[in-house]
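Asks: Please see the structure below; I have some questions.
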């Protein structure tokens with residue numbers, strides 16, 4: 022089984038020395054998550070293996086305000102490529118992107134290039150790692166990860182409810198999925214740097230364009246937090262990608278978990 026390379030990146034400004042250009046990194050661990058995805062419709066529907074690539078990029082050495090970022094990927098031996106544009110979240114000080122690669126070629130290398138424009142300065146770098154081996158025979162190879170271990174997102178649970186949103190005596194019912202996630206410090210730090218610091222739980226549902234804001238809170242003195250958010254009219258059986266962002270000191274670290282919408 023292929024293991025993703027552990028990579029921490031410091032972007033370097035074009036034409037400048039590393040000492041002057043380093044924005045403070047590290048940048049951009051990634052997660053590979055294998056799944057089966059339906060292609061086509063009706064009697065022509067078939068299930069194909071897919072690699073869902075999640076990228077989280079952090080800005081440390083300069084403020085994220087007015088900074089834009091582009092993440093592009095290529096795959097060795099393949100013409101497939103993808104590009105996503107975004108900005109750093111001013112509170113979380115990170116940016117997150119998702120790519121889906123259908124029928125990922127065996128033994129291929131994934132290369133992601135990052136380009137950041139901030140306050141008139143341009144930074145660029147790239148990182149390469151083995152593409153997850155998502156195949157018919159290996160459809161549940163989950164989280165081949167270069168995430169750091171400073172934050173964990175575990176214990177994702179769901180409670181299904183039906184609520185009445187009608188008015189004036191008229192009834193209109195919708196389903197909702199109440200999602201709860203436990204976020205905690207990882208083994209690399211003790212709890213004290215997290216105590217009282219901000220933490221967020223955001224989510225992405227396969228088929229949507231971007232992450233949605235879920236809930237925010239603060240870590241307790243043990244470096245733990247429990248956050249809940251509501252998904253209205255959830256798509257039953259869709260894959261749910263929960264991303265936690267937890268702050269410690271001047272850093273914002275990611276925690277990550279996949280589950281299936283149960284409601």
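In my numbering, the protein residues as written are 22 to 284. Don't be surprised by glycine CBs; every beta carbon is placed ideally from N, CA and C.
Return the Cβ separation of residue 196 and residue 181 in integer angstroms, given the expectation that the two are a contact with Cβ distance under 8 angstroms.
Replies: Here the question's residue 196 lines up with position 175 in the chain shown. Here the question's residue 181 lines up with position 160 in the chain shown. 7 angstroms between Cβ atoms; contact.
Asks: To which residues of the same chain is residue 129 closer than 7 angstroms at the C-beta, ignoring the five residues directly before and after it?
Replies: Numbered from 1 along the chain shown, position 108 holds the residue referred to as residue 129. So the list reads 96, 97, 98, 99 and 152, once near-sequence residues are dropped.
Asks: Can you tell me where the beta strand (DSSP E) with residue 181 in it begins and where it stops?
Replies: For the purposes of this step, residue 181 is taken as the residue at position 160 of the chain shown. Residue 181 -> beta strand (DSSP E) spans 172-185.
Asks: Using the beta-carbon count (16 or more within 10 Å), is residue 168 buried or exposed?
Replies: Locating residue 168 in the chain shown gives position 147, counting from the first residue. By the neighbour-count rule (16 or more Cβ atoms within 10 Å), residue 168 is buried.
Asks: Name the one or two DSSP bridge partners that residue 276 has.
Replies: Translated into positions along the chain shown, residue 276 becomes position 255. 265, per the DSSP bridge assignment.
Asks: Whole angstroms are fine: how far does the CA of residue 114 sit from the CA of residue 206?
Replies: As a position in the chain shown, residue 206 is number 185, starting the count at 1. As a position in the chain shown, residue 114 is number 93, starting the count at 1. If I take the Cα positions, the gap works out to 18 angstroms.
Asks: Can you give me the Cβ contacts of residue 170 inside the same chain, cut-off strictly under 7 angstroms, excluding the 5 residues immediately before and after it?
Replies: The residue you call residue 170 lines up with position 149 of the chain shown. Contacts found: 207, 208 and 209.
Asks: Report the rounded CA-to-CA distance for residue 220 versus residue 199, giving the unit in angstroms.
Replies: Position 199 of the chain shown, counted from the start, is the residue given in the question as residue 220. Position 178 of the chain shown, counted from the start, is the residue given in the question as residue 199. For residue 220 and residue 199, the distance between alpha carbons rounds to 18 angstroms.
Asks: Quick one, which of 71, 62, 247 and 65 has its alpha-carbon nearest residue 53's?
Replies: For the purposes of this step, residue 53 is identified with residue 32 of the chain shown, where counting begins at 1. If we check each option's Cα against that of residue 53, 71 comes out closest.
Asks: Among 117, 89, 131 and 139, which one has its Cα closest to the Cα of residue 150?
Replies: In the chain shown, counting from the first residue as 1, residue 150 sits at position 129. Taking only the C-alpha atoms, the option nearest residue 150 is 131.
Asks: Answer yes if the stretch 134-144 comes into contact with the stretch 172-179, meaning at least three C-beta pairs across the two stretches below 8 angstroms, and no otherwise.
Replies: They do not touch, by the three-pair rule.
Asks: Leaving out the 5 sequence neighbours to the left and right, which residues in its chain are closer than 6 angstroms to residue 227 when beta-carbon positions are compared?
Replies: Position 206 of the chain shown, counted from the first residue, corresponds to residue 227. Excluding residues within five positions, the ones whose Cβ falls inside 6 angstroms are 259 and 260.
Asks: Take residue 172 as the anchor and find which of 158, 272 and 193 has the nearest alpha-carbon.
Replies: The residue you call residue 172 lines up with position 151 of the chain shown. Looking at the Cα atoms, 272 is the closest of the given residues.
Asks: Compare the C-alpha of residue 109 against each of 85, 127 and 264 and name the closest.
Replies: Here residue 109 is taken as the residue at index 88 of the chain shown, counted from 1. Selected option, being the one with the closest Cα: 85.
Asks: Per the DSSP calculation, residue 70 is bridged to which residue(s)?
Replies: Along the chain shown, read from residue 1 onward, the residue named residue 70 stands at position 49. Residue 70 pairs with 57.
Asks: Count the other CB atoms within 10 Å of the CB of residue 157; is the residue buried (16 or more) or exposed (fewer)?
Replies: Taking the chain shown and counting its residues from 1, one reaches residue 157 at position 136. Per the 10 Å Cβ criterion, exposed.
Asks: Output the distance between the C-alpha atoms of residue 111 and residue 281, rounded to the nearest integer angstrom.
Replies: Taking the chain shown and counting its residues from 1, the one referred to as residue 111 is at position 90. Taking the chain shown and counting its residues from 1, the one referred to as residue 281 is at position 260. Near 30 angstroms, if we compare the C-alpha coordinates of residue 281 and residue 111.
Asks: On the DSSP letters alone, give me the boundaries of the beta strand (DSSP E) that residue 91 sits inside.
Replies: The residue given as residue 91 occupies position 70 in the chain shown. That run of the beta strand (DSSP E) goes 89-96.
Asks: Express the C-alpha separation of residue 51 and residue 127 in angstroms, rounding to a whole number.
Replies: Stepping through the chain shown from its first residue, residue 127 is reached at position 106. Stepping through the chain shown from its first residue, residue 51 is reached at position 30. So the two alpha carbons sit approximately 18 angstroms from each other.
Asks: My output table needs one value for residue 63: the three-state DSSP class, helix, strand or coil.
Replies: Mapped onto the chain shown, residue 63 falls at position 42. Correct three-state label for residue 63: helix.
Asks: Excluding the 5 residues preceding and the 5 following residue 124 in the sequence, name in chain order all residues of the same chain whose CB lies nearer than 7 angstroms to its CB.
Replies: Taking the chain shown and counting its residues from 1, the one referred to as residue 124 is at position 103. Result list for residue 124: 69 and 70, in chain order.
Asks: Measuring straight from C-alpha to C-alpha, what distance separates residue 188 and residue 62?
Replies: What you label residue 188 is simply residue 167 of the chain shown in a count that begins at 1. What you label residue 62 is simply residue 41 of the chain shown in a count that begins at 1. Rounded to the nearest angstrom, the two C-alpha atoms are 37 angstroms apart.
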